[in-house]
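Chains as they are written, first to last, in the working numbering: chain A, 749 to 1106; chain B, 749 to 1106.
Built from N, CA and C at the ideal position, the CB exists for glycine as well.
Take a look at the structure set out below.
2 protein chains.
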Amino acid sequence: MRHHRLFTPGPVEVETENLQALATPQLHHRSKEFSQLFDSIQEKLKRLLYTENPVFIFSSSATGAMEAAVTNGVKKKCLNLVNGAFSKRWHQITAYNGVPCDALSIEWNKAIKPEMVREKLDTGEYDAVTLVFNETSTGTMNPLKEIAEVVKEYDDVFLFVDAVSAMAGVKIEVDKLGIDMCLAGLQKCFALPSGLAVSPVSERLLERAKEVPPRSYYFNLNIMHKYYQRSQTPVTPAIPHLFALDRQLDYILNEEGLENRFARHERMAAIVQKWARTHFDTYPERGYESKTLTCIENTRGISVKELNERLMNEYGMRISNGYGELKEKTFRIAHMGDAQVQDVKGLLAVIDDILGLE
Amino acid sequence: MRHHRLFTPGPVEVETENLQALATPQLHHRSKEFSQLFDSIQEKLKRLLYTENPVFIFSSSATGAMEAAVTNGVKKKCLNLVNGAFSKRWHQITAYNGVPCDALSIEWNKAIKPEMVREKLDTGEYDAVTLVFNETSTGTMNPLKEIAEVVKEYDDVFLFVDAVSAMAGVKIEVDKLGIDMCLAGLQKCFALPSGLAVSPVSERLLERAKEVPPRSYYFNLNIMHKYYQRSQTPVTPAIPHLFALDRQLDYILNEEGLENRFARHERMAAIVQKWARTHFDTYPERGYESKTLTCIENTRGISVKELNERLMNEYGMRISNGYGELKEKTFRIAHMGDAQVQDVKGLLAVIDDILGLE
């Protein structure tokens, strides 16, 4: 059977060369060869993220890295900015770990604005902010740069960014923006399988983590950092993913090139957005549409389930229904990772055929 | 370059067919195909572990599953049985998570005895016990059956077992022994790459987890269980590993057969132990030697580092030095996973050559 081509906002299609890299024979995680692989990945991730900070590799999904941020990085209280399912989850994670927190919740089709953040931080209550840059549930891209500039005005407030469905598809200058953690899984714009999460970690976060009462061993940043000093990880990571990540970073940095990759994501986003507005509408607030996935408001009242089933059965392609309560009210097309303009155009053309659009 | 054959107690050699299974194109973690894969793995893991309980799949290393056990399963106080590096780590994990706990620590070359456990449980202080069945750091196999029988005498005391370097190599009848969690990573006796951990979870543990104040979101057993009801996982797991695990379980259950697999591990252990006692000595207390790795006491004062370097450079094979403070005082040979009798005999023969043994 031909496998379904994934236009879902993660997992996405993985190139054959990267699948093959997964199948490299194992090496020992306490060997010189492992440390070389680790260092090679470090150096490339730093270039991808415009950072001098060590890039931590979490043997978990990105949800685990979200837990790491709030369990290590909050002494007073955390402000969670909520405008979608994944930002809501970060608030839940914070609460589940017994970390003091408040949510600033707004409507899901609206973007977080810098002035909302300033108003809350002016209370002096908070020493950390969590922001989901690109809300995979709604297709909203929050104004990271503007929000980061506001957070920077407050000396002791740390910024944690979920860049899950943006990293490696959209430029994020981590150090310039002063982001203390900027986390992502590999199964989105990296176009690799799920199984690891990555995030640069700032020096001041490592310092704060020493002052906070420990809330987890597995996600303790200082334990991880101790091992990184000798280019190892405290636990055995998913070694197949490291082989594939190293290979894919070479491709991203040296073959495609970062600027080309970001530009390709911009082009694909423009194509899908235009199509969405011609036949339906886009869900997020105007001007805050994601560059990596488009959330389409189902203004025609089509059956999204049926559309997806026909796409799968007749064309072997898969898109995503709306998330949670947005099911059938919206649907989502991912244009991220290694998907090309022609792939997206082909998908839209067959959707046109199925729905009888012109 | 020929890759080093791993006789290390994890990671171990992975068969080509399993490496290839990792390279299967991705499927979506919210698809029917994923649920079929999930169900298939469930059914096979239950057979492997002689259990009717759902087998949880942790998107983490086994260390994460250790954290899950103590954060979900302790209301009063946890008794951590410590006779090696990994049982010591479980005690640290418990403490780091703010879970009340005591360690019962004995010498590392001794096994935990059932009567030691009874004495502690008689105090009535504890409602959970952690035991590392097979201490990878010392090659000691604790008497699981006897200890489980003692724990069973106490109605509300839960038993958590780290079976990391034993599961799928040694028979563990989880339900009969009344084990509430029995956890392992895939990179040991499963002979797969690291990147996931598995553990059956008892019904009473899920009940207790509801009564315990939440200590983690990522490792919350009830959140995970909610998703398992529809054959999904809450976070995107390492899908390549699931493909390989499904394939390898078929091999273990239907091609090699469980009894044959356990018998092969027994045979390999006997060979290496005999060799060790002829030329050196074995480190653990007599009668408690591991069936999956042998920890050899360096009675000849050889340079283990040099031996391993010669093995790697001249033969492309790798064993392990002693763990932590046992470095150079001991060394470890793994005979687990898909390693065959002839592989182990070949290794010992070249060690004989290198060291000039007869």
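Could you tell me whether any Cβ in chain B is nearer than 8 Å to the Cβ of residue i?
i, result
"A/Y975", "no"
"A/T884", "no"
"A/H1083", "no"
"A/R1066", "yes"
"A/L754", "yes"
"A/H1013", "no"
Mind listing the chain A neighbours of residue i? Cutoff is C-beta to C-beta under 7 Å, in chain order.
i, result
"B/Y966", "S808, T811, G812 and E815"
"B/S942", "T984, P985, A986 and I987"
For residue i, list the residues DSSP reports as bridge partners.
i, result
"A/G933", "A/A945"
"A/E1037", "A/T888"
"A/L879", "A/V909"
"A/F1079", "A/I1044 and A/N1069"
"A/T1030", "A/I1044"
"A/F804", "A/S947"
"B/A851", "B/N828"
"A/L754", "A/R1066"
"A/M915", "A/V918"
Under 9 Å Cβ-Cβ, which residues of chain B neighbour residue i?
i, result
"A/Y1063", "What A/Y1063 touches in chain B: nothing, since even the nearest Cβ is about 15 Å away."
"A/G933", "V983 and T984"
"A/P962", "A843, Y844, N845 and G846"
For a contact meaning CB atoms closer than 7 Å, what does residue i contact in chain B?
i, result
"A/A771", "L767, Q768, L770 and A771"
List, in order along the chain, the chain B residues whose C-beta lies closer than 8 Å to that of residue i?
i, result
"A/G758", "T984"
"A/V762", "P773 and Q774"
"A/R1058", "By Cβ distance, chain B contributes nothing, its closest Cβ being about 15 Å from A/R1058, past 8 Å."
"A/H777", "P759 and S942"
I'd like to know whether the C-beta atoms of residue i and residue j end up nearer to each other than 8 Å.
i, j, result
"A/L992", "A/L940", "One point to set straight first is that residue 992 of chain A is Ala, not Leu, in the sequence displayed. Against a cut-off of 8 Å, the Cβ pair of A/L940 and A/A992 comes out as a contact."
"A/S885", "A/Y1071", "yes"
"A/L1059", "A/V1098", "yes"
"A/F786", "A/S947", "no"
"B/K1093", "B/I1019", "yes"
"A/N1008", "B/Y844", "no"
"A/L770", "B/L997", "no"
"B/E1037", "B/G887", "yes"
"A/E761", "A/L754", "yes"
"A/K824", "A/Y902", "no"
"A/A896", "A/G872", "no"
"A/G821", "A/R956", "yes"
"B/S913", "B/D928", "no"
"B/G943", "A/P988", "yes"
"B/E1108", "B/N857", "This structure gives no information on residue 1108 of chain B, because the portion of chain B shown stretches from 749 to 1106."
"A/S807", "A/T981", "yes"
Spell out whether any CB of chain A is found under 8 Å from the CB atom of residue i.
i, result
"B/I841", "yes"
"B/N820", "no"
"B/Y844", "yes"
"B/H751", "yes"
Is there a Cβ from chain D that is less than 8 Å from the Cβ of residue i?
i, result
"A/H752", "Absence of chain D from the displayed structure is noted, the protein chains being A and B."
At least 3 beta-carbon pairs within less than 8 Å: the segment 827-847 of chain B vs the segment 936-948 of chain B: In short, these stretches do not touch, since the Cβ pair count stays below three.
Taking contact to mean at least 3 C-beta pairs separated by less than 8 Å, is the segment 845-854 of chain B in contact with the segment 818-836 of chain B? Touching, per the Cβ criterion.
Counting Cβ pairs, one atom from each stretch, are 3 or more of them under 8 Å apart for the segment 969-987 of chain A and the segment 1018-1032 of chain A? No, the segment 969-987 of chain A does not touch the segment 1018-1032 of chain A.
Would the segment 866-886 of chain A count as touching the segment 900-912 of chain A if we require 3 or more Cβ pairs under 8 Å? Yes: at least three Cβ pairs fall under 8 Å.
Do the segment 1073-1088 of chain A and the segment 1027-1044 of chain B touch if we need at least three Cβ pairs shorter than 8 Å? The segment 1027-1044 of chain B and the segment 1073-1088 of chain A do not touch, with fewer than three beta-carbon pairs separated by less than 8 Å.
Should the segment 951-966 of chain A be regarded as contacting the segment 1009-1018 of chain B, the criterion being three or more beta carbon pairs within less than 8 Å? A contact is defined here as three or more CB-CB pairs under 8 Å, and the segment 951-966 of chain A fails this definition with respect to the segment 1009-1018 of chain B.
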